[in-house]
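If you count the sequence shown from 1, position 201 lands on 1502 in our numbering, and the numbers rise without skipping. The structure under discussion appears below in the form of structure tokens.
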Amino acid sequence: MTQELSQRLEEYKANGFTVFEGLFTEAQMQSWRERHQELMEDYDGQTWFGNMLEYAPKLMWSAVKHSTILDFLEIVMGPFVQLDNLTLAAFPSVPKDQAEGRASGWHRDRWARVPQKDIYERPLASNAISYLQDLTDEYGPLRVIVGSHRQPITIDIEDRNKPHPDETLLYMKAGDVVVTHNHLIHSGTPNSADDLRYFFSIYYNSTWLKHTDNHSGPLTQRLLEEARERDDHRLMRLLGVDTQLQPRCNSGFLAPDEDRWEEWIAADRAAVKAEE
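Here it is, written out as structure tokens:
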């Protein structure tokens, strides 16, 4: 493990998230905005789209399999990382008086639960979120409760759209990616800018869980077949095929998890056939 990954892992364990700055390029983000606009036109103004890998594999696959994200997630979750869902969405603007002093909705992400006090647990899922514009006060920062992935914090229904006394506001730049633990309590902020607030989420979960997106479409299956031909287990797992799950989930568990994961990750990399 590199020193940077080690530092990020400690940050993630302590805070429940880490931010990778400038991971996506402006050219990538512009292509995603344009694709979103096309989908809005095709679907009568709808702004929230899942299954984006099947909708646009050439545009999306490089982000889903981004080595920086996957290298980090494999030391967080082990080599059991699957694409649960890929979402490209946009939040329309609301009047400023409807946005001021409000959170969009506090929540933990899917596959989570209320954690035990001061206990860090390996996440069953982790979200890699990017915004396709700078988050200003008008576009709405990301709100997080630092360390809430290790605390049994609950929020009453009437308070779930209010600022939290322990919140931290993240003013992320376009192209930054925040990777969050699924137990982390977080919220968006209503958009009062004069344009759409774009939201791009690559949600990963553990390979023994069901995935939300449909990976059986012909375009996604083509990506899976290419991964199979190269014996690329990392990419196969992303698309719901983990041929090594049974032996690795029944390994005896007498060595530290991180040590076994490191061995398995190295073995997976060694197995990949070079592109011809």
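Backbone N, C-alpha and C define an ideal beta-carbon position, used for all residues, glycine too.
Legend entry - Euclidean distance between Cα positions of residue 1616 and residue 1363: Any question about residue 1616 goes unanswered here, given that the chain covers just 1302 to 1577.
Inset, instruction - Can you grab the Cα-Cα spacing for the pair residue 1405 / residue 1440, in whole Å? - result: Going by the C-alpha atoms only, they are around 12 Å apart.
Legend entry - Rounded Cβ spacing between residue 1432 and residue 1499 (contact assumed at less than 8 Å): Taking C-beta atoms under 8 Å as the contact rule, residue 1432 and residue 1499 qualify, at a distance of about 6 Å.
Inset, instruction - Quick one: residues in its chain with C-beta nearer than 7 Å to the C-beta of residue 1455, no 5 flanking neighbours on either side, listed in chain order? - result: Here the set comprises 1415.
Inset, instruction - Starting from residue 1566, follow the alpha helix (DSSP H) in both directions and report where the run begins and ends. - result: Segment 1558 to 1572, the alpha helix (DSSP H) holding residue 1566.
Legend entry - Cβ neighbour criterion (16 or more within 10 Å) applied to residue 1458: Per the 10 Å Cβ criterion, exposed.
Inset, instruction - Any chance you could list the beta strand (DSSP E) runs of at least 3 consecutive residues sitting entirely within the segment 1439 to 1478, in chain order? - result: Restricted to the segment 1439 to 1478, the beta strand (DSSP E) segments that are unbroken, complete and at least 3 residues in length are 1443 to 1445, 1469 to 1471, listed in chain order.
Legend entry - Boundaries of the alpha helix (DSSP H) in which residue 1376 is found, first to last residue: It spans 1368 to 1378 - the alpha helix (DSSP H) in which residue 1376 sits, taken as one unbroken run.
Legend entry - residue 1528, DSSP secondary structure in three states: Here DSSP, grouped into helix, strand and coil, assigns residue 1528 to helix.
Legend entry - Helix, strand or coil at residue 1363 [DSSP, three-state]: Of the three classes helix, strand and coil, the one that applies to residue 1363 here is helix, per DSSP.
Legend entry - Of the residues 1546, 1448, 1512, 1430, the one placed nearest residue 1323, counting alpha carbons only: Selected option, being the one with the closest Cα: 1430.
Legend entry - Rounded straight-line distance, which links the Cα of residue 1561 to that of residue 1353: The straight-line gap from Cα to Cα measures roughly 33 Å.
Inset, instruction - Please confirm whether any heavy atom of the ligand NAP lies closer than 7 Å to the CB of residue 1369. - result: In the structure on display, the ligand NAP does not appear, and there are no ligands present to speak of.
Legend entry - Whole-angstrom distance between residue 1532 and residue 1524, CA atom to CA atom: Straight through space, the alpha carbons of residue 1532 and residue 1524 are spaced by roughly 12 Å.
Inset, instruction - Identify every residue that forms a DSSP beta bridge with residue 1382. - result: BP columns for residue 1382 point to 1507.
Inset, instruction - Excluding the 5 residues preceding and the 5 following residue 1467 in the sequence, name in chain order all residues of the same chain whose CB lies nearer than 7 Å to its CB. - result: Annotation for residue 1467: 1446 place their beta carbon closer than 7 Å to its own, counting only its chain and skipping 5 residues before and after.
Inset, instruction - Give the range of the beta strand (DSSP E) segment to which residue 1428 is assigned. - result: 1426 to 1431 is the extent of the beta strand (DSSP E) around residue 1428.
Inset, instruction - Can you give me the Cβ contacts of residue 1491 inside the same chain, cut-off strictly under 7 Å, excluding the 5 residues immediately before and after it? - result: Excluding positions up to five away in sequence, the list reads 1395, 1399, 1400, 1403, 1405, 1441.
Legend entry - As assigned by DSSP and simplified to three states, the class of residue 1485: If DSSP states are grouped into helix, strand and coil, residue 1485 belongs with coil.
Legend entry - For residue 1523, three-class secondary structure by DSSP: Three-state DSSP puts residue 1523 in a helix.
Inset, instruction - Please confirm if the segment 1500 to 1509 is in contact with the segment 1532 to 1550, defined as three or more CB-CB distances below 8 Å between the two stretches. - result: Contact holds: three or more Cβ-Cβ distances are below 8 Å.
Legend entry - Span separating the alpha-carbon of residue 1588 from that of residue 1485: With the chain running from 1302 to 1577 in the structure shown, residue 1588 is simply not present.
Inset, instruction - Would you mind reading off the limits of the alpha helix (DSSP H) that contains residue 1396? - result: Run containing residue 1396: none; DSSP gives neither H nor E here.
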